[in-house]
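Student:
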Amino acid sequence: MRGRRRGLLCMGVVMTLGMTSSVHAQTPASALVGPVLVNAEARAGLDLSGPWHWSVDPYRDGLAGFHGAEAGPGHRRYDEVDVDAVTREHPTALYEYDMRRSPVVHLPSSWLTHDATMRYYDGLVWYQRTFTFRKAPGQRAFLRFGAADYLTRVYLNGKPLGQHEGGFTPFAFEVTEHLRDGENQVTVGVDSTRSADSVPPTVTDWETYGGITRPVRLVSTPATYVDDAWVRLGANQRLLATVRLRGPGAGGCPVRVRIPALGLTLAGETAADGSWTGAVPEPRALKRWSPEAPTLYDVVVAAGDDTLVDRVGFRTLAVKGHDILLNGKPLFLRGISLHEEEPGRQPTRAMTPAAARALLGEVKSGLNGNFVRLAHYPHSEVMTRMADELGLLVWSEIPVYWRVNFARAETLTTARRMLAENLLRDRNRASIAFWSVANETPPGEARDAFLAQLARDVRELDDTRLVTAALLIDRVQEQGRPVMVVKDPLVRHLDVAAVNTYNGWYSDDALSSLPDIGWRNDTGKPLIFSEFGADALAGFHEPERMRKFSEEYQAEYHRQTLAMSERIPSLRGLSPWVLKDFRSPRRQHPVYQQGWNRKGLISETGQRKQAFEVLAEHYRKLAAQGR
Ligand code: GCU
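If you count by the working numbering, then the sequence shown holds residues 4 to 630, one letter each, in order.
So, in structure tokens, the structure goes:
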């Protein structure tokens with residue numbers, strides 16, 4: 004079973020790694036990921052979104068008895084049992100759960116909105132549903148989760164398939180041999196609890212939306228199928244296609260990759276391990292993808308009995324000195340950051356195409372932006388595909404955030420697997436320009452080694468995009484004035500340096516003094532302001548006193564910070580913090596915050612604050628200057 008194998012694989016990787024990162028280097032990142040099932044949403048299958056039974060289990064009674072032994076029959080939520088029928092027949096039988104008579108909720112959705120008692124629940128929740136499956140000869144089946152936060156255990160017809168750690172990337176278990184022809188029962192235990200060893204660790208500045216937050220699908224493939232396919236423009240103006248087959252016929256299998264609109268076909272035969280890469284000169288007729296012209300092409304990958312179609316844009320990215328080049332031309336990133344949270348007063352992290360379009364439309368049309376930082380974790384594939392379609396460059400990130408346990412080899416394995424799962428899901432998304440490996444992590448020997456490994460993993464898996472990280476910035480006094488110095492040792496492993504800077508919010512600098520703050524970037528690399536921002540409660544106005552949390556203060560903060568940014572010669576992009584107010588348990592001012600981080604330029608209901616127009620005007624000016 005893939006899941007168990009992966010479990011064993013992971014165990015094997017963890018057991019052999021010890022605490023030395025050098026051993027890590029011998030384990031390629033791609034080896035940490037189970038089946039990729041690239042572009043799985045396009046495959047035939049059964050969508051298991053819809054009604055599921057759910058039941059809380061805060062003391063994990065479904066996993067272990069009172070002295071830690073395996074849970075008994077009256078407690079195993081994943082058993083195939085009609086508890087009501089059994090206890091009618093055997094009145095002395097004791098069951099302290101009954102999934103089939105537990106309440107029902109529509110998934111995908113975080114459990115925070117299942118009912119009022121779940122708003123602050125942090126622990127284990129069980130989900131169960133049945134479905135009918137018709138076996139077809141020669142077909143394989145995979146149970147695929149778009150994401151579930153944080154540790155997920157999956158059982159089919161009472162048998163464990165395996166588990167997955169991480170709240171924001173897809174994972175799948177092969178179930179070909181476990182499915183019954185007819186009715187099947189799937190049970191999922193999702194535990195949102197994190198620890199100092201997790202990725203992210205326990206403390207973050209965003210809400211933990213525990214649960215199954217992205218679609219669950221039963222994906223069908225032929226016996227030998229296209230597990231991964233990556234099509235892109237590489238160096239020397241060549242168009243490359245890499246295909247990886249899995250199955251009994253993977254080796255020595257003919258492969259064809261077609262782009263009908265260009266009349267282009269790349270053809271070849273896989274090696275014994277099922278892999279193949281073909282390359283042709285970039286077709287003259289190819290229209291490159293850009294925010295201004297987000298051209299996408301149907302790409303058809305065929306091998307054996309399998310055919311997979313995706314919509315792919317083609318463009319190139321590079322850095323040259325302080326410039327970031329898109330299709331060979333320098334560009335300035337007119338962006339903003341956002342969390343994965345749909346608009347509304349009760350978000351449940353169920354990102355629909357409509358919600359994605361609404362949020363990204365505010366960036367593209369409202370702010371006249373060309374860039375989004377999808378912070379602080381891999382967002383839904385709905386979001387990255389929408390960015391492809393609307394024409395927004397994307398910064399994609401894994402949640403190596405703040406106080407990660409950098410000295411722990413198993414934590415590095417978790418982060419490496421998460422990174423690989425993210426890249427292998429989205430390598431065909433033209434919008435993605437940056438892979439970020441961290442946010443505001445404190446420099447140190449263990450942290451530098453940990454992140455350097457992640458940067459190497461990015462380059463192993465994807466040599467067409469830029470590696471970055473959101474870094475802390477040093478502030479010094481020189482000739483009586485503050486100077487911000489970019490000097491994180493990690494920068495030497497990055498293509499682009501990015502810093503989070505909050506002078507005037509997390510400091511008592513007068514806003515009028517911000518433009519005179521000095522900046523020094525001796526890294527030789529392009530610089531991005533990956534964060535800057537100030538809270539404001541929409542509708543709170545105090546123009547005369549300019550108090551923090553007023554819209555006027557936030558607007559003036561942005562005005563002055565933007566003026567400061569204009570004086571930094573190596574600056575090539577902005578992604579202010581943040582598009583929309585978002586839930587954060589750390590933000591509990593009873594008048595201004597109420598559990599929300601209010602640095603949004605729009606409120607949680609989409610109400611634009613004064614600062615929105617300040618940034619929009621700045622970006623219109625930059626765009627008019629061709630930046
Ligand atoms: C930090 C952090 C964000 C946080 C923000 C803030 O830079 O990266 O996750 O929300 O600051 O303080 O609002």
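Where is the CB? At the ideal position from N, CA and C, for every residue including glycine.
#1: Would you mind giving the Cβ-Cβ distance between Asp313 and Ala45, rounded to the nearest angstrom? I have them listed as a contact below 8 Å.
#2: Only counting the same chain, and skipping five residues up and downstream in sequence, which positions put a Cβ closer than 8 Å to that of Leu393?
#3: In chain order, what residues of the same chain lie with their CB nearer than 6 Å to the CB of Ala244, ignoring the 5 residues before and after it?
#4: Applying the 10 Å Cβ sphere with the 16-neighbour rule, what's the burial state of His109?
#5: Determine the extent of the beta strand (DSSP E) in which Phe374 is found, giving its start and end residues.
#6: Return the chain-ordered list of same chain residues with a C-beta closer than 8 Å to the C-beta of Gly21, the five sequence neighbours on each side being excluded.
#7: Please classify Glu400 as buried or exposed, where buried requires at least 16 other C-beta atoms within 10 Å of its C-beta.
#8: Just verifying my parser: in three-state terms, what is the DSSP assignment at Ser340?
#9: Checking 8 Å against the spacing of the C-beta atoms, do Pro346 and Gly609 come in under that value?
#10: Spatial neighbours of Arg575 within its chain, please: CB distance less than 7 Å, with the 5 preceding and 5 following residues excluded, ordered by chain position.
#11: Quick check on Ala139 - is its C-beta less than 8 Å from some C-beta in chain B?
#12: Cβ atoms of Gly170 and Tyr158: under 8 Å apart, would you say?
#13: If we count the other Cβ atoms within 10 Å of its Cβ and call it buried at 16 or more, is Tyr123 buried or exposed?
#14: Residue ranges of each beta strand (DSSP E) run of no fewer than 3 residues wholly in the stretch 558-590, ordered along the chain?
#15: Which whole runs of the beta strand (DSSP E) in the stretch 210-279 are 3 residues long or more, in chain order?
#16: Relative to the C-alpha of Leu493, which candidate in Tyr595, Leu475, Asp64, Ile571 has its C-alpha closest?
#17: Rounded to whole angstroms, what is the Cα-Cα separation between Val41 and Asp50?
#18: Under 7 Å Cβ to Cβ from Thr116, same chain only, skipping five residues before and after it: list those, please.
#19: Who are the Cβ neighbours of Leu12 in its own chain at under 6 Å, not counting the five residues just before and after it?
#20: Skipping 5 residues on each side, what residues in its chain have a beta carbon closer than 6 Å to that of Val86?
#21: Taking the beta carbon of His592 as the centre, do at least 16 other beta carbons fall within 10 Å, making it buried, or is it exposed?
#22: Quick test of your reading: Thr471 and Asp498, contact by CB under 8 Å. State the CB separation rounded to the nearest angstrom.
#23: Does the beta-carbon of His379, which I'm using as the reference point, lie nearer than 7 Å to any heavy atom of the ligand GCU?
#24: Decide if the stretch 249-268 is in contact with the stretch 478-497; the criterion is three or more beta carbon pairs, one per stretch, under 8 Å apart.
#25: Once the 5 residues before and after Glu620 are set aside, which same chain residues still bring their CB inside 8 Å of it?
#26: Could you give the residue range of the alpha helix (DSSP H) that holds Arg287?
#27: Spell out the partners DSSP gives Pro163 in its beta bridges.
#28: What do you reckon, are the CB atoms on Ser434 and Asp391 nearer than 8 Å?
#29: Would you kindly report the start and end of the unbroken alpha helix (DSSP H) that includes Ala458?
#30: So who's on the other strand from Pro485, going by DSSP bridges?
#31: Report, in whole angstroms, the separation of the C-beta atoms of Val193 and Val89, which I expect to be a contact under 8 Å.
#32: Would the beta-carbon of Asp512 fall within 8 Å of that of Asn503?
#33: Name the residue from Leu464, Phe585, Trp522, Val489 whose alpha carbon lies nearest to the alpha carbon of Ala34.
#34: Less than 8 Å between the C-beta atoms of Asp208 and Asn524, yes or no?
#35: In the DSSP assignment, find the alpha helix (DSSP H) that holds Phe615 and state where it starts and stops.
#36: Excluding sequence positions up to five away, which residues of its chain have a Cβ less than 7 Å from the Cβ of Met121?
Tutor: Reading from the atomic positions:
#1: Position 310 of the sequence shown, counted from the start, is the residue given in the question as residue 313. Position 42 of the sequence shown, counted from the start, is the residue given in the question as residue 45. Right, their Cβ atoms sit about 6 Å apart.
#2: As a first step, residue 393 is located in the sequence shown; it is residue number 390 there, counting from the start. Sequence-distant partners of Leu393 (beyond 5 residues in either direction) whose C-beta falls short of 8 Å from its own C-beta, in its chain, are Pro297, Arg360, Leu363, Gly364, Lys367.
#3: By 1-based counting over the sequence shown, the position of residue 244 is 241. Cβ-Cβ distances below 6 Å link Ala244 to Val234, Val260, Leu269, Gly281 in the same chain, with the five nearest sequence neighbours on each side left out; the list follows chain order.
#4: As a first step, residue 109 is located in the sequence shown; it is residue number 106 there, counting from the start. Burial call: exposed.
#5: Numbered from 1 along the sequence shown, position 371 holds the residue referred to as residue 374. Bounds of the beta strand (DSSP E) holding Phe374 are 374-377.
#6: Here residue 21 corresponds to residue number 18 of the sequence shown, with the count starting at 1. Its pLDDT being 40, under 50, Gly21 is placed unreliably by the model, and the measurement read from it follows with that caveat. The beta carbon of Gly21 sits closer than 8 Å to those of Ala412, all from its chain and outside the five residues before and after it, given in chain order.
#7: By one-based count along the sequence shown, residue 400 stands at place 397. It is buried - the Cβ of Glu400 has at least 16 other Cβ atoms within 10 Å.
#8: Numbered from 1 along the sequence shown, position 337 holds the residue referred to as residue 340. The answer is strand: DSSP assigns Ser340 an E or B state.
#9: Along the sequence shown, one-based indexing puts residue 346 at 343. Along the sequence shown, one-based indexing puts residue 609 at 606. Against a cut-off of 8 Å, the Cβ pair of Gly609 and Pro346 comes out as a contact.
#10: Working through the sequence shown from its first residue, we reach residue 575 at position 572. Within the same chain, Arg575 has close Cβ partners His325, Asp326, Ile327, Phe335, Leu336, Pro529, Leu530, Ile531.
#11: Included in the structure is just one protein chain, with no chain B present.
#12: Reading the sequence shown from its first residue, position 155 is the one you call residue 158. Reading the sequence shown from its first residue, position 167 is the one you call residue 170. In this structure, Tyr158 keeps its C-beta atom at 8 Å or more from the C-beta atom of Gly170.
#13: Within the sequence shown, residue 123 is the residue found at index 120, counting from 1. Here Tyr123 is exposed. Its C-beta has fewer than 16 other C-beta atoms within 10 Å.
#14: Fully enclosed beta strand (DSSP E) runs of 3 or longer: 574-577.
#15: Contiguous beta strand (DSSP E) elements confined to the stretch 210-279 occur at 219-225, 228-237, 241-249, 257-262, 267-272, taking only those with 3 or more residues.
#16: For the purposes of this step, residue 493 is taken as the residue at position 490 of the sequence shown. Of Tyr595, Leu475, Asp64, Ile571, the residue nearest in Cα terms is Leu475.
#17: Your numbering for residue 41 matches position 38 in the sequence shown. Your numbering for residue 50 matches position 47 in the sequence shown. C-alpha separation (whole angstroms): 17 Å.
#18: Sequence index remark: in the sequence shown, residue 116 carries index 113 (1-based). So the list reads Gln349, Thr351, once near-sequence residues are dropped.
#19: Numbered from 1 along the sequence shown, position 9 holds the residue referred to as residue 12. In this prediction, Leu12 scores a pLDDT of 37, lower than 50, which makes its location untrustworthy; the coordinate-derived value is nonetheless stated afterwards. If you ignore the 5 residues before and after Leu12, its C-beta comes within less than 6 Å of no other C-beta in its own chain.
#20: Residue 86 sits at position 83 when you count from the first residue of the sequence shown. Within the same chain, Tyr98, Asp101 come within 6 Å of Val86 by CB-CB distance, once the 5 residues on both sides are set aside.
#21: Here the question's residue 592 lines up with position 589 in the sequence shown. Counting C-beta atoms within 10 angstroms of its own C-beta, His592 has fewer than 16 neighbours from the protein chains shown and is therefore classed as exposed.
#22: Numbered from 1 along the sequence shown, position 468 holds the residue referred to as residue 471. Numbered from 1 along the sequence shown, position 495 holds the residue referred to as residue 498. A Cβ-Cβ distance of about 7 Å is found for the pair Thr471 and Asp498, placing them in contact under the 8 Å criterion.
#23: Locating residue 379 in the sequence shown gives position 376, counting from the first residue. Distances from the CB of His379 to the heavy atoms of the ligand GCU include at least one below 7 Å.
#24: The stretch 249-268, when compared against the stretch 478-497, does not touch it at the 8 Å Cβ threshold.
#25: Working through the sequence shown from its first residue, we reach residue 620 at position 617. Within the same chain, no residue comes within 8 Å of Glu620 by CB-CB distance, once the 5 residues on both sides are set aside.
#26: As a first step, residue 287 is located in the sequence shown; it is residue number 284 there, counting from the start. From DSSP, Arg287 is part of no alpha helix (DSSP H); its letter is neither H nor E.
#27: Locating residue 163 in the sequence shown gives position 160, where the first residue counts as 1. According to DSSP, which records beta bridges pairwise, Pro163 is partnered with Tyr158.
#28: Reading the sequence shown from its first residue, position 431 is the one you call residue 434. Reading the sequence shown from its first residue, position 388 is the one you call residue 391. Their beta carbons are under 8 Å apart, which means Ser434 touches Asp391 by this criterion.
#29: The count along the sequence shown starts at 1 and reaches residue 458 at position 455. It spans 448-464 - the alpha helix (DSSP H) in which Ala458 sits, taken as one unbroken run.
#30: Reading the sequence shown from its first residue, position 482 is the one you call residue 485. Paired residues: Gln480.
#31: Here residue 193 is taken as the residue at index 190 of the sequence shown, counted from 1. Here residue 89 is taken as the residue at index 86 of the sequence shown, counted from 1. 26 Å between Cβ atoms; not a contact.
#32: Residue 512 sits at position 509 when you count from the first residue of the sequence shown. Residue 503 sits at position 500 when you count from the first residue of the sequence shown. No; because the gap between Cβ atoms is not below 8 Å, this pair is not in contact.
#33: Within the sequence shown, residue 34 is the residue found at index 31, counting from 1. The shortest CA-to-CA distance from Ala34 to any of Leu464, Phe585, Trp522, Val489 is the one to Leu464.
#34: Taking the first residue of the sequence shown as 1, we reach residue 208 at position 205. Taking the first residue of the sequence shown as 1, we reach residue 524 at position 521. Result no, Cβ atoms of Asp208 and Asn524 do not sit closer than 8 Å.
#35: Residue numbering aside, residue 615 sits at position 612 when the sequence shown is read from its first letter. Here the alpha helix (DSSP H) through Phe615 covers 613-627.
#36: Here residue 121 refers to the residue found at position 118 when the sequence shown is read from its first residue. Trp114, Leu115, listed in sequence order.
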